[in-house]
Amino acid sequence: MADRYKDIPDWKADFPIKRTEAGYVARRDFLKVITLFSGIMAVANVFIPVFNFFHKRKTIKDYFVCNVSDIKIGTQKTFYVDGDHRNPYMLIRMGENDWRVYEQKCTHLSCAVIYDHEHQMIECPCHHGFFDAKDGKVLQGPPPRPLPRLNVIVKDDKIYVEDYTYEKQINHKAHS
Ligand code: FES
1 MADRYKDIPD WKADFPIKRT EAGYVARRDF LKVITLFSGI MAVANVFIPV FNFFHKRKTI
61 KDYFVCNVSD IKIGTQKTFY VDGDHRNPYM LIRMGENDWR VYEQKCTHLS CAVIYDHEHQ
121 MIECPCHHGF FDAKDGKVLQ GPPPRPLPRL NVIVKDDKIY VEDYTYEKQI NHKAHS
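Residue numbers (UniProt numbering): 1 to 176.
Set out below in structure tokens:
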């Protein structure tokens, strides 16, 4: 037995696969990868409908933000619609009856933007991006898109935003 391996280098004795069999090994590895990939795809096919079952899109018609008296002209207020902390919004009071609501995340790299009442602009301090406070359009800097905007409704001295749609986790038990 020892004689049989005496002319074989140590490294080859540790991996006793003949050159002609090497192709089978590679094929076996390839089949393993394909099987693993198919398994992942099968799990994803089950996971996606389950995920969709628990995460539904929810639309809120009128969401109350604050009273008119809560915010002075030239200032801003940060808020979240229905506790959705992924999207901070800023309510801006540009004049007596002049309101705007924009997403408070810069469209470049999501830094928090700030309202500059004196220049009627919204500034991103990270890379000096500037947006027009009247319509959210980009005035200067790297932001690629205008700030997303929500419609504002003023009713009985109260401020609302309308038609806010987002992914919400629904508690199915509560509705069954
Ligand atoms: S993150 Fe706002 S300009 Fe870069």
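All residues carry an ideal CB built from backbone N, CA and C; glycine is no exception.
| query | result |
| --- | --- |
| Lining residues of the ligand FES - beta-carbon closer than 6 Å to any non-hydrogen atom, in sequence order | C106, H108, L109, C111, C124, C126, H127, G129, G141, P142 and P143 |
| CB of K77 within 8 Å of CB of P88, strictly | no |
| Anticipated Cβ contact below 8 Å, G74 with H119, distance rounded | About 11 Å separates the two Cβ atoms, so there is no contact after all. |
| Chain-order list of residues whose beta-carbon lies under 6 Å from that of G136 (same chain, five-residue window excluded) | Y102, P146, L147 and R149 |
| Contact under 8 Å by Cβ, K61 with D163 | yes |
| For N87, the three-state DSSP class (helix, strand or coil) | coil |
| 8 Å CB neighbourhood of P143 in its chain, flanking five on each side removed | C106, T107, H108, C124, G129 and F131 |
| Spatially closest choice to C126 from I8, V43, L139 and A112, by CA coordinates | A112 |
| Bounding residues of the beta strand (DSSP E) (the contiguous stretch that carries R100) | D98 to E103 |
| DSSP state of D82 mapped onto helix, strand, coil | helix |
| DSSP-derived helix/strand/coil call for A165 | The residue asked about is misnamed: residue 165 is Thr in this sequence, not Ala. T165 falls in the strand class under three-state DSSP. |
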